[in-house]
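Residue 108 in UniProt numbering sits at position 108 of the sequence shown, with consecutive numbering throughout.
What follows is a short report on a single structure.
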Amino acid sequence: MAALKYLAGYPEALQQQVRDLIAGDRLGPWLQRRYADLHTVRNDRQLYDYTQGLKERYLRQSAPLSKVIYDSRLQVLKHALGTHTTVSRVQGSKLKASREIRIATVFRDAPAPFLKMIVVHELAHLKESDHNKAFYQLCTHMEADYHQLEFDLRLYLTHLEGSTD
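Here it is as structure tokens:
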């Protein structure tokens with residue numbers, strides 16, 4: 001029985017369904033049919049504009065973002081698909097905070113809904129630092145299918161990992 005590390009918290013019956021899809025070489029084609037549309041967000045400037053657009057639509061009152069980039073150093077294996085950081089610096093007599101979002105480069109070539117899901121996730125951290133009920137309510141406010149996309153993203157990562165072995 002192969003370990004499915006991206007699905008470790010899900011019920012065994014569901015994991016077995018995924019194993020069956022993998023064994024029958026049906027996971028990749030299923031994902032391709034379901035998520036055929038790729039996005040056009042190819043560079044850091046486009047990613048910043050894309051993220052800023054979602055932020056303006058859903059989180060107008062939140063703190064401004066100073067940087068949004070694709071980061072090749074983020075390790076999907078360590079469950080870091082994106083990060084959000086706040087860096088505080090003293091400038092003269094004032095304390096200045098800059099907020100950054102970094103998205104793993106695996107999303108540069110991922111289907112459009114997966115990029116939106118990870119950006120929504122990181123934006124939600126501007127308001128809620130913990131993964132609590134309010135955090136997930138904010139995620140589903142910005143993306144109604146958030147939970148399904150999170151699960152399907154786990155399937156996508158499982159598929160990517162299997163196709164590189």
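Backbone N, C-alpha and C fix where the C-beta goes; we use that ideal spot for every residue, glycine too.
At a Cβ-Cβ threshold of 7 Å, Ile118 and Val68 do not count as neighbours. Counting along the chain, the unbroken alpha helix (DSSP H) around Tyr58 starts and ends at Asp44 to Tyr58.
By the Cβ test, the stretch 111-125 is in contact with the stretch 51-67, since at least three Cβ pairs between them sit closer than 8 Å. Nearest neighbour of Leu115 by Cα position, chosen from Asp130, Leu157, Ala97 and Arg99, turns out to be Leu157.
Every beta strand (DSSP E) stretch that sits fully inside the stretch 89-121 and reaches 3 residues is listed by chain position as 94-104. Between His159 and Leu65, the CB-CB gap reaches or exceeds 7 Å.
In the three-state DSSP reduction, Val68 falls in the strand class (E or B). Under the three-state reduction of DSSP output, Leu4 falls in the coil class, being neither helix nor strand. Beta bridge pairing from DSSP links Leu160 with no other residue. Using a Cβ distance threshold of 7 Å, Tyr6 and Arg154 count as a contacting pair. Looking only at Trp30, Ala63 and Arg108, the smallest Cα-Cα distance to Arg42 is reached by Arg108.
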